[in-house]
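Below is one structure, written out as structure tokens, with a few remarks after it.
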Amino acid sequence: MSSPSRDNEEPSSSTAPADEGPGASSSDAADARPPAKRRFSSTVIEISDTESDDSDVCAVNSYQASADEVKRIRGADYSSSSSSSEYSSDSEESWEDDSILVEDNKADLKVVKAQLNPRANRMDDPQFNPNIKSQELIDRLSLHWNEQKDFKSGEVTLTCEPFRLCLLQDFLANPEMINNIVDDMNTLDWSRKKMDLYEFHQTADLASLTWQRSIRGIYELLKTEVMSWVSQVTGLTLRSVSASCSLYGPGDHLLVHDDLLADRRVAFILYLAPWRPAPPAPPAAQENGAGDHHEENDKAGESWGGWGRHMGGALQQLARDEAGRPTEVVRSVYPRNNMLAFFKVGADSFHQVEEVLSLELPRLSINGWFHGPAPPDAEPEPEPEPPQPPTQHRPHNDIVVLSQWFEATYMSPRSRMQIQAQMERESEVCLRDLLPPAKLEEVMEALRDPGVPWARAGPANQRHYEVLPEDWARAQPPEHPLRALLALFGSAALLRALGDCTDLALATYERLELQRWAPGAYTLLPPRELYAAARLEAALWLGAGGRAAPGGTTYVAPDEAEADALVSVAPAHNALSLVYCDAGAAAFTKYVSRLARRPPRPYYLLTCTYRE
């Protein structure tokens with residue numbers, strides 16, 4: 006289980022697949038238009054306050070990260086004098102902000118508008134590029150699609166590895182319509198989507214957005230001409246479309262998934278990239294699940310003044326191992342204005358949206374799925390292999406001197422009684438400054454030794470961090486700090502001490518790991534088999550820095566209707582977190598943002614699960 010809310014993955018819709026009902030027909034244009042003022046649950050876009058639909062300023066294109074958003078990523082103690090990362094409002098109400106970006110010279114503003122933000126007539130409809138609709142191109146592309154051969158023309162690019170992905174470079178014949186769509190997006194309610202798998206903003210399904218003319222127009226185009234065209238190319242029977250608008254601000258991301266759910270057949274993304282020139286790109290940085298990979302639309306994007314590689318936000322395709330599990334990124338496609346990307350949903354379609362690194366411009370898209378029945382001659386999708394139950398270990402009885410590892414404060418009966426009382430009240434406790442200074446220094450020096458062969462943990466649709474190999478640890482002498490630390494957490498002496506602190510009769514342990522975390526690391530919610538029984542989870546954080554490190558572990562009840570956080574544990578250097586989990590409670594460790602630390606510094610986490 007990768008997420009309890011897979012319906013919200015990108016390409017994503019926050020509602021069930023849309024039926025072709027009267028709510029999506031053109032007759033709704035006569036309905037009374039709601040007022041422009043609408044309550045926002047949590048929004049990060051500025052709203053242009055104009056008297057007409059033809060706004061002089063495209064508010065979403067004028068996006069800047071709010072101070073709260075930057076603090077969410079970089080920490081509460083972050084401050085900056087840069088205007089590009091600060092935003093304030095005169096309003097103290099929970100209404101949308103009415104601020105508008107105003108230039109001193111109105112004539113200059115109109116020149117910029119004419120060059121960078123052209124708009125179509127408000128009565129025009131989006132037009133599918135006739136060059137793409139030509140039957141000759143459809144026949145050639147369909148042949149290559151079926152034979153799984155790469156294809157490239159002036160308008161279309163098809164790549165077949167690691168799975169078939171088609172890019173329509175000039176999707177709309179009237180590309181100025183995109184700015185009309187972005188204007189309409191400024192009138193929408195945006196909700197924050199935040200879970201183990203993703204973090205971004207999203208609107209309701211386009212089928213329900215009937216009074217924004219441009220958005221209604223693109224929805225009608227998608228469910229008629231575009232769906233028919235995609236059906237001809239892929240040979241799939243497609244009957245409906247579900248789609249929504251997505252906004253990715255700084256630090257937002259969507260981790261590895263395959264979109265395989267219900268009757269989804271083809272996933273698509275229409276990019277609404279800004280028209281503004283992009284600044285020069287800095288040296289390359291690592292992606293979510295970094296690896297060597299091919300880059301599409303990178304140099305082209307920078308040359309035409311669009312979205313650059315340094316801004317993140319790429320659609321990234323992942324390779325698979327022999328067992329069909331996702332491994333590493335092998336291809337990245339960066340947003341490009343007026344480009345439609347689509348791919349067939351299947352067991353091989355593992356992909357992700359790279360973290361957005363731009364603090365000024367958002368990554369905007371309209372994304373969703375074409376739905377339909379399974380092809381009659383299609384082989385059934387292979388069932389995923391059931392997760393292997395973790396190996397249960399009996400604690401060893403080797404001599405372990407706890408007083409050498411724990412501060413004297415935690416060795417007293419009074420302290421253990423206080424810890425037990427806290428566990429009974431809250432089901433969790435954090436023991437700070439656990440290791441004495443000398444032992445802590447010894448362990449940290451061993452962790453930072455460049456000779457330690459850290460290995461990547463996977464698969465990428467469940468976890469992404471580095472782990473200390475068990476065989477390497479066992480090959481070290483018993484006095485080696487890292488081997489001794491692992492032996493401590495697997496000892497009968499420690500299980501008895503934890504039993505005193507929790508009033509649990511702990512008998513076995515499992516999943517004892519020493520991990521290294523860096524930007525791009527994460528864990529997702531595990532399969533149900535791993536959280537079906539009660540347990541005690543322990544996590545020792547090391548090297549988290551002076552302030553709270555990015556990441557942190559969140560415990561939820563995925564099977565409940567409201568999967569709100571039960572407990573959230575923030576990482577702190579030299580702190581042991583103990584959390585008692587009832588059956589049905591699961592945990593994930595939040596994705597570590599690449600914007601959180603510059604330069605990035607790894608930190609370490611020792612985890613272990615104990616059972617009665």
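Just so we're aligned, residue 6 is where the sequence shown starts under the working numbering, counting upward by one.
Idealized CB from N, CA, C, for every residue including glycine.
- Nearest in C-alpha terms to residue 441, of all of 558, 271, 547 and 222, is 547.
- Counting along the chain, the unbroken alpha helix (DSSP H) around residue 494 starts and ends at 486-494.
- Residue 148 holds the alpha-carbon nearest to the alpha-carbon of residue 237 among 200, 573, 148 and 578.
- Here DSSP, grouped into helix, strand and coil, assigns residue 449 to helix.
- Buried is the label assigned to residue 183, since at least 16 other Cβ atoms lie within 10 Å of its Cβ.
- For residue 404, the three-state secondary structure derived from DSSP is coil.
- Between residue 156 and residue 146, the C-beta spacing is below 8 Å.
- In the DSSP assignment, residue 316 is bridged to no other residue.
- Remark: fewer than three beta-carbon pairs, one from each stretch, lie closer than 8 Å, so the stretch 589-603 and the stretch 505-516 are not flagged as touching.
- Judged by DSSP in its simplified three-state form, residue 372 adopts strand.
- Burial state of residue 248 is buried, judged by a 10 Å Cβ sphere holding 16 or more other Cβ atoms.
- Judged by DSSP in its simplified three-state form, residue 415 adopts helix.
- In this structure, the alpha-carbon of residue 205 lies about 20 Å from that of residue 467.
- Where residue 224 is concerned, the enclosing alpha helix (DSSP H) starts and stops at 218-226.
- In this structure, the beta-carbon distance from residue 501 to residue 612 does not fall below 8 Å.
- Taking all protein chains shown into account, residue 556 has 16 or more neighbouring C-beta atoms within 10 Å of its C-beta and is therefore buried.
- Counting only runs of 3 or more residues that sit fully inside the stretch 187-266, the beta strand (DSSP E) segments are 196-199, 203-207, 245-253 and 258-262, in chain order.
- Taking a 10 Å sphere around the C-beta of residue 533, we find fewer than 16 other C-beta atoms and assign the residue as exposed.
- For residue 138, the secondary structure class from DSSP, reduced to helix, strand or coil, is helix.
- Listed in chain order, the non-local C-beta contacts of residue 124 below 7 Å within the same chain comprise 59, 181, 184 and 185, local neighbours out to five positions each way being set aside.
- The alpha-carbon separation between residue 368 and residue 562 amounts to approximately 31 Å.
- Residue 254 and residue 530 have their alpha carbons spaced roughly 24 Å apart.
- When the beta-carbon positions are compared, residue 244 and residue 377 come within less than 8 Å of each other.
- Membership of residue 360 in any alpha helix (DSSP H) is not indicated, and neither H nor E is assigned to it by DSSP.
- If one requires a minimum length of 3 residues, the beta strand (DSSP E) runs lying completely within the stretch 517-572 are 540-547 and 558-561, in chain order.
- For residue 471, the enclosing beta strand (DSSP E) covers residues 468-472.
- In the displayed model, residue 390 falls within coil according to three-state DSSP, outside both helix and strand.
- Proximity of the stretch 209-217 to the stretch 184-198 meets the contact definition, three or more beta-carbon pairs being nearer than 8 Å.
- In this structure, DSSP gives residue 147 a helical state, which the three-state scheme calls helix.
- For residue 584, the beta-bridge partners assigned by DSSP are 433 and 542.
- Between residue 173 and residue 344, the C-beta spacing is below 8 Å.
- One alpha carbon belongs to residue 374, the other to residue 224, and they sit about 12 Å apart.
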